[in-house]
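**Q** Per our numbering, residue 16 is the first one in the sequence shown, and the count goes up by one each step.
I'd like to ask you about the structure that follows.
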Amino acid sequence: MLKCLVVFLMTTMTMFSGSLLGKSYPYSETTKLKHVVLEYIFQDEYSFGKKREISQLINKAFPEYVSIFGGLPRDLNDKPYRKIKVNVKQGEYIGGEADPGVIQLTLSEDVLFGFAGWKAIVLHELFHLWNAETIRYKSGLDQWFNEGFTEFYTYQVLTKLKLLTPKQALNIALYPIGYYSSAKGLGKISMRDAGKDNKSKFDHYFLIYHGGWVAAMVLDYRVRKDSNNKQSLDSLMKWLYKNFVRSKKLYTIGDIIAGLKETTGFDYRQFFSRYISGTEVIPIADYFNLGKIIWTETFEQIHSRDHEYLFWTLGIRAK
Ligand SMILES: [Zn+2]
16 MLKCLVVFLM TTMTMFSGSL LGKSYPYSET TKLKHVVLEY IFQDEYSFGK KREISQLINK
76 AFPEYVSIFG GLPRDLNDKP YRKIKVNVKQ GEYIGGEADP GVIQLTLSED VLFGFAGWKA
136 IVLHELFHLW NAETIRYKSG LDQWFNEGFT EFYTYQVLTK LKLLTPKQAL NIALYPIGYY
196 SSAKGLGKIS MRDAGKDNKS KFDHYFLIYH GGWVAAMVLD YRVRKDSNNK QSLDSLMKWL
256 YKNFVRSKKL YTIGDIIAGL KETTGFDYRQ FFSRYISGTE VIPIADYFNL GKIIWTETFE
316 QIHSRDHEYL FWTLGIRAK
């Protein structure tokens, strides 16, 4: 019993801003976990009720993200950190924001766009502590990378952590493809130009978030196939983390292309000029046939080698 109490005191340090008898909100609490320290501010009872699940989720995802980037998130002074302020409130729809060392979460039981639950927004905003707040785009033109790659890794890690089953991961992959394929401006405005300012980013939400996600999915698949699974987009993320810490240098699309070339040895310039800077639509069927893969998963259970690359891309296979 004493040992349990000591362990409890060692792992959880609690500061109360509300009364012990019935909390008043906002309510602050600091939770020290194995990989992170979370300085919570809960805005309401619903949010406080999610504390345990949010803590477990962040604690599990944090080392996955450290491994993708090859290091801890860094603040504006280039200082690595493990302490995160987490402001949580309940809302009608899930949403969030990130700043260095801070994530703001709006949670809801509603599933947004048919697939996105509150755990996804937690992992999305957590990922931004690296992608946006540690490495950062030079201009809004690269919002497709900022938001799309963040979505891609959110779902890959949810699957790696077994919070999504392989079947769910395959089914969810259809959503960005569907939203991208029917996005306003598809074939007329490039994914880059769509993010040029905040109004345009909002107007072309699905082209940027889901187009960027599809671009990440297709690129990761292609890099894995080209390199016989020796490389992936993780190599690019590590390269950016090493060379483009926000406080020193911001990245552009040219750096992304250069990083892929340097880390994988392959030149994907054409992909970017046609589908990211250009207005051509990514020919997803030239890379993989998701319907066929789901068919095989459901009825045949025998996978081709090409299917395996996609399983790695989606986090169904993991080291
Ligand atoms: Zn975001």
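Built from N, CA and C at the ideal position, the CB exists for glycine as well.
1. Note the first and the last residue of the continuous alpha helix (DSSP H) segment covering E68.
2. Closer than 6 Å from C-beta to any heavy atom of ligand 1: which residues, in chain order?
3. So who's on the other strand from K47, going by DSSP bridges?
4. Once you ignore the five residues that flank V229 on each side, which residues in its own chain have a CB closer than 8 Å to its CB?
5. Check A333 in the structure and name its three-state DSSP category.
6. Look at the Cβ atom of K199, then the Cβ atom of D218, and state whether they are nearer than 8 Å.
7. Can you give me the Cβ contacts of V126 inside the same chain, cut-off strictly under 8 Å, excluding the 5 residues immediately before and after it?
8. Quick check: what's the CA-CA separation for W327 versus K65?
9. Helix or strand or just coil, what does DSSP make of E107?
10. Quick one: what's got a C-beta closer than 7 Å to S70's C-beta in the same chain, skipping five residues either side?
11. Suppose only complete runs of 4+ residues qualify. What are the alpha helix (DSSP H) ranges in the region 284–332, listed by chain order?
12. Beta-carbon within less than 8 Å of S247's beta-carbon, same chain only, minus the 5 sequence neighbours each way: which residues are those?
13. By how many angstroms is the C-alpha of N243 removed from the C-alpha of F303?
14. Apart from the five residues just before and just after S123, which ones in its own chain have a Cβ nearer than 8 Å to its Cβ?
**A** The structure says:
1. K66 to F84
2. Contact residues of ligand 1 (beta-carbon closer than 6 Å to any heavy atom; chain order) are H139, H143, E162 and T165.
3. V52
4. G163, P191, I192, Y195, I297 and I299
5. coil
6. yes
7. For V126, where only same-chain residues beyond five positions count, the Cβ hits under 8 Å are G132.
8. 30 Å
9. coil
10. T46, L48 and L53
11. Within the region 284–332, the complete alpha helix (DSSP H) runs of at least 4 residues are 305–310 and 320–329.
12. D235, V238, R239, W327 and T328
13. 16 Å
14. So the qualifying residues of the chain are Q105, G106, E107, Y108, I109 and W133.
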